[in-house]
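Participant: Yeah, the sequence shown ends on 254 if you go by this note's numbering, and it's all consecutive.
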Amino acid sequence: MTTQPRTFRRKQKIPELTPGQFCFGLFSIFCLFLILRNSDTAIEYMNRGLRLCAKTVIPSLFPFMVISELIVSGGIGSTLIRPLAPLFRRLFRIPAAGCCAVLLGMLCGFPVGAKSAMTALDQGQLTREEAERVLTFSNNPSSAFLINAVGVSLWGNRKFGVALYIVVLVSQVLTGILFAHLPRRAEAAPEPLRRSPTVSRSGAAFFTDAVRSACFSMLLVCAYVIFFSALVGTLNLLLDALNLPALAKA
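Quick look at the structure:
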């Protein structure tokens with residue numbers, strides 16, 4: 005008499021959630037509840053977000069993103085920043101590629117400075133620690149946004165926009181100096197610059213790649229604007245129901 009061997013099913017172990025995953029899980033459930041409960045308001049605010057992207061975000065950001073991609077990827081940025089590089093290195097303790105990202109962040113604003121830093125990191129021109137430090141003080145409102153959109157369009161006063169822009173620049177410099185003198189963690193040497201030894205790219209290829217990369221980044225920025233526009237619009241209804249003061253709403 006033969007007996008059939010028993011087969012045991014292993015219990016699948018449920019993976020434990022990290023604190024970050026748990027917080028974002030609760031956040032996603034909360035967002036789902038808000039949007040489903042107030043779907044009409046969510047659609048209205050998404051339309052507002054789309055109009056904001058079409059009228060303000062894309063015109064004020066897209067040209068700068070294409071130009072910055074050309075400057076960084078084409079290598080001309082390191083040449084242009086050379087006169088200011090010694091000063092930037094002394095203040096912020098970063099190489100020339102990081103100086104280029106900081107300068108573009110000063111002039112063109114978010115997300116151009118951040119994107120330039122990540123491009124330099126991908127090409128091996130910055131270490132991870134240097135790129136993280138550059139990101140802390142290269143994300144700013146652009147000069148065009150503060151002076152034209154805020155100063156002229158919103159307040160009808162160009163001088164007010166210029167004053168805001170100066171405040172942002174001073175804050176950026178102070179933040180960069182502060183992070184430059186904080187204790188650093190040990191890090192491996194930077195990877196060598198990854199360049200193809202056989203393929204030579206023409207100026208037209210640089211331009212088309214810059215437009216393609218800027219287009220993808222622009223879509224990503226617009227997606228964030230539309231999502232948070234719907235979230236804030238539905239969240240306002242919840243705050244109104246709680247009778248919170250205007251300061252808490254802001």
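Every residue, glycine too, gets a C-beta built ideally from N, C-alpha and C. Model, not experiment: these values are computed from the prediction.
Whose C-alpha, out of Val-154, Val-215, Gln-129 and Leu-30, is nearest the C-alpha of Glu-102?
Facilitator: Taking the first residue of the sequence shown as 1, we reach residue 102 at position 98. Note on residue identity: the sequence assigns Gly, not Glu, to residue 102. Checked all of Val-154, Val-215, Gln-129 and Leu-30; the closest Cα to Gly-102 is Gln-129.
Participant: On the criterion of 16 or more Cβ atoms from any shown chain inside 10 Å, does Gly-29 qualify as buried, or is it exposed?
Facilitator: Reading the sequence shown from its first residue, position 25 is the one you call residue 29. With fewer than 16 Cβ atoms within 10 Å of its Cβ, Gly-29 is classed as exposed.
Participant: Out of Pro-23, Leu-241 and Leu-246, point me to the one whose CA is closest to Asn-42's CA.
Facilitator: Taking the sequence shown and counting its residues from 1, the one referred to as residue 42 is at position 38. The candidate whose alpha carbon is nearest that of Asn-42 is Leu-241.
Participant: Can you tell me whether Ile-170 is helix, strand or coil according to DSSP?
Facilitator: One-based indexing of the sequence shown puts residue 170 at position 166. In this structure, Ile-170 counts as helix in the three-state DSSP scheme.
Participant: Exposed or buried, which one is Ala-124 when buried takes at least 16 other CB atoms within 10 Å?
Facilitator: As a first step, residue 124 is located in the sequence shown; it is residue number 120 there, counting from the start. Buried, by the Cβ-count rule.
Participant: Any chance the region 136–148 sits against the region 157–164, with 3 or more Cβ pairs inside 8 angstroms?
Facilitator: Contact fails: fewer than three Cβ-Cβ distances are below 8 angstroms.
Participant: Can you tell me whether Pro-99 is buried or exposed, with buried defined as 16 or more other CB within 10 angstroms of its CB?
Facilitator: Here residue 99 refers to the residue found at position 95 when the sequence shown is read from its first residue. The residue is buried, with at least 16 neighbouring Cβ atoms inside 10 Å.
Participant: How is Val-97 classed by DSSP in three states: helix, strand or coil?
Facilitator: Taking the first residue of the sequence shown as position 1, residue 97 is located at position 93. Rather than Val, the amino acid found at residue 97 in this sequence is Arg. The answer is coil: DSSP assigns Arg-97 none of H, G, I, E or B.
Participant: Whether or not the region 133–142 and the region 171–183 are in contact is what I'm after, with contact meaning three or more pairs of Cβ atoms, one per stretch, closer than 8 angstroms; do they touch?
Facilitator: At 8 angstroms Cβ cutoff, the stretches touch.
Participant: Indicate, with yes or no, if the ligand NAD has a heavy atom lying under 7 angstroms from the CB of Arg-52.
Facilitator: Questions concerning the ligand NAD fall outside what the structure shown contains, since it holds no ligand whatsoever.
Participant: Determine the extent of the alpha helix (DSSP H) in which Leu-54 is found, giving its start and end residues.
Facilitator: As a working note, residue 54 is residue 50 in the sequence shown. From DSSP, the alpha helix (DSSP H) with Leu-54 extends over 43–56.
Participant: Among Asp-126, Val-116, Lys-119 and Phe-96, which one has its Cα closest to the Cα of Leu-178?
Facilitator: Taking the first residue of the sequence shown as 1, we reach residue 178 at position 174. For the residues Asp-126, Val-116, Lys-119 and Phe-96, the minimum Cα distance to Leu-178 belongs to Phe-96.
Participant: Against chain C, does Cys-103 count as a neighbour if the rule is that its beta carbon must be under 8 angstroms from one of theirs?
Facilitator: Judged by its chain identifiers, the structure shown contains no chain C, having just a single protein chain.
Participant: Determine, using beta-carbon pairs with one atom in the region 57–69 and one in the region 216–229, whether at least three such pairs fall under 8 angstroms.
Facilitator: Contact between the region 57–69 and the region 216–229 is present, because at least three Cβ pairs lie under 8 angstroms.
Participant: Which residues bound the alpha helix (DSSP H) around Ala-135?
Facilitator: Residue 135 sits at position 131 when you count from the first residue of the sequence shown. Residues 132–140.
Participant: Write down the C-beta distance between Leu-246 and Leu-38 rounded to the nearest angstrom, noting that I regard them as a contact closer than 8 angstroms.
Facilitator: The residue you call residue 246 lines up with position 242 of the sequence shown. The residue you call residue 38 lines up with position 34 of the sequence shown. That belief does not hold up - the Cβ atoms of Leu-246 and Leu-38 are roughly 13 angstroms apart, past 8 angstroms.
Participant: Taking 8 angstroms as the limit between beta carbons, can you name the residues of its chain near Val-236, skipping five residues before and five after?
Facilitator: Counting from one through the sequence shown, the residue named residue 236 turns up at place 232. The answer, listed in chain order, is Tyr-49.
Participant: In whole angstroms, what is the alpha-carbon distance linking Leu-150 and Asp-126?
Facilitator: Within the sequence shown, numbered from 1, the residue matching residue 150 stands at position 146. Within the sequence shown, numbered from 1, the residue matching residue 126 stands at position 122. Roughly 30 angstroms separates the two Cα atoms.
Participant: For Leu-197, collect the residues of the same chain with a Cβ closer than 7 angstroms to its Cβ; drop the 5 residues on either side in sequence, then sort them by chain order.
Facilitator: Reading the sequence shown from its first residue, position 193 is the one you call residue 197. Bear in mind that a pLDDT of 43 at Leu-197, under 50, signals an unreliable position, so the number given afterwards is only what the model happens to contain. Taken in chain order, the residues that qualify are Gln-127, Gly-128 and Gln-129.
Participant: Return the Cβ separation of Ile-85 and Cys-104 in integer angstroms, given the expectation that the two are a contact with Cβ distance under 8 angstroms.
Facilitator: Here residue 85 refers to the residue found at position 81 of the sequence shown. Here residue 104 refers to the residue found at position 100 of the sequence shown. Yes, Ile-85 and Cys-104 are in contact; Cβ-Cβ is about 5 angstroms, under 8 angstroms.
Participant: Kindly indicate the opening and closing residues of the alpha helix (DSSP H) around Val-116.
Facilitator: Stepping through the sequence shown from its first residue, residue 116 is reached at position 112. That run of the alpha helix (DSSP H) goes 116–126.
Participant: For Arg-52 and Ile-230, I'd like the C-alpha separation in whole angstroms.
Facilitator: Position 48 of the sequence shown, counting from 1, holds the residue named residue 52. Position 226 of the sequence shown, counting from 1, holds the residue named residue 230. Each residue's Cα considered, the two are about 8 angstroms apart.
Participant: Out of Ser-120, Phe-232 and Arg-93, state which residue places its alpha-carbon closest to the alpha-carbon of Ser-72.
Facilitator: The count along the sequence shown starts at 1 and reaches residue 72 at position 68. For Ser-72, the nearest C-alpha among the options comes from Ser-120.
Participant: Give the range of the alpha helix (DSSP H) segment to which Ala-252 is assigned.
Facilitator: The sequence position of residue 252 within the sequence shown is 248, counting from 1. From DSSP, the alpha helix (DSSP H) with Ala-252 extends over 250–253.
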